[in-house]
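For the sequence shown, the working numbering begins at 57 and goes up steadily by one.
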Amino acid sequence: MSIDEWFWNASVDEMKSGYVQEGDQFTCLLCGSQTERGVVYPHAGAFYEAERYMKIHIQQAHGSVFHYLIGLDKKLTGLTDHQNSLIQLFYEGKSDSEVQQAMGIGSASTIRNHRFGLKEKERQSKVFLTLMELLKEKDQHAPAFVDFHKTATMVDERYNVTQDEYDKIVKKYFPDGLGGGLTAFGKQEKHKLIVLKEIVKQFEAERTYDEKEVNEILKPIYHDHVLLRRYLIEYGFLDRKDDGSQYWRKG
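Right, here's the structure in full:
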């Protein structure tokens, strides 16, 4: 299972903790980093068992689950920019009057109205989630959709891809597998996304690469490796420092 599948299939409690457990393995939902029960992990002069170390990892690598999730694209969170700002201030423990002052809007009573609106959104979300769970039990014709990366920069109809469609497109562009190289870089946006999703599998999570290393990975895949590198960044699969000295897979 890919990290994106782990993330989108996680329960609310798992999402809150930021990791899932399967057998003796703990997997970070935010980047895919894993720990294993029975292994002792050193950190800051002390040693930790797998689950405790996973919590330390999340704090060290991501700050908190809240800050990671609030930073996702608005089409994934369902929040407006205004709601996003309010929630962050509430999370910081600001009073209504402090939030009003920080945002320069209305009055303290206006902020209370926003709190009420967010509570209504929470209730609606619970009902919707329950409806979808009940629907899964009855809908025998729902296609299996592919889970795309949660760091996507453009979330729209291009991500409407079934598993069958995905497999056919991969076979079209990689007839001999990823090791056999890319036959062409399609012009259709949906095809580009699928090709890039396959290519990024060549990059390890939580590892940084210099530009030469990135090029060495991409050159055997396609003759225009610069094009691939640019699109991997543009579509949110990879990120890099402004000076191009380091690249890494976005989780």
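All C-beta atoms in this analysis are idealised placements derived from N, C-alpha and C, irrespective of residue type, glycine included.
(message) Closest to residue 288 by C-alpha separation, out of 251, 279, 199, 266, would be which residue?
(response) 251
(request) Give the range of the alpha helix (DSSP H) segment to which residue 260 is assigned. (result) First-last for residue 260: undefined, no H or E at that position.
(request) Check whether the Cβ of residue 116 sits closer than 6 Å to any heavy atom of the ligand NAP, and report yes or no. (result) Of the ligands one can find in the structure shown there are none, so the ligand NAP has no counterpart to examine.
(request) Following the continuous beta strand (DSSP E) through residue 217, name the residue where it begins and the one where it ends. (result) Going by DSSP, residue 217 is part of no beta strand (DSSP E) at all; its letter is neither H nor E.
(message) Using only CA atoms, which one of 155, 123, 122 lies nearest to residue 138?
(response) 155
(request) Have a look at residue 235 and residue 276 and give me their C-alpha separation to the nearest angstrom. (result) 8 Å
(message) Does residue 95 come out as helix, strand or coil in the three-state DSSP assignment?
(response) coil
(request) Given a cut-off of 7 Å, decide if residue 103 and residue 85 are closer than it, judged by their beta-carbon atoms. (result) no
(request) Decide if residue 172 is buried, meaning its Cβ has at least 16 other Cβ atoms within 10 Å, or exposed. (result) exposed
(message) Please return the same chain residues whose Cβ sits closer than 8 Å to the Cβ of residue 248, not counting the five positions on each side in sequence.
(response) Within the same chain, residue 248 has close Cβ partners 241, 242, 287, 291.
(request) Could you check the C-alpha separation between residue 88 and residue 76 for me, to the nearest Å? (result) 10 Å
(request) Say whether the stretch 96-112 touches the stretch 126-138, bearing in mind that this needs 3 or more beta-carbon pairs closer than 8 Å, one atom from each stretch. (result) no
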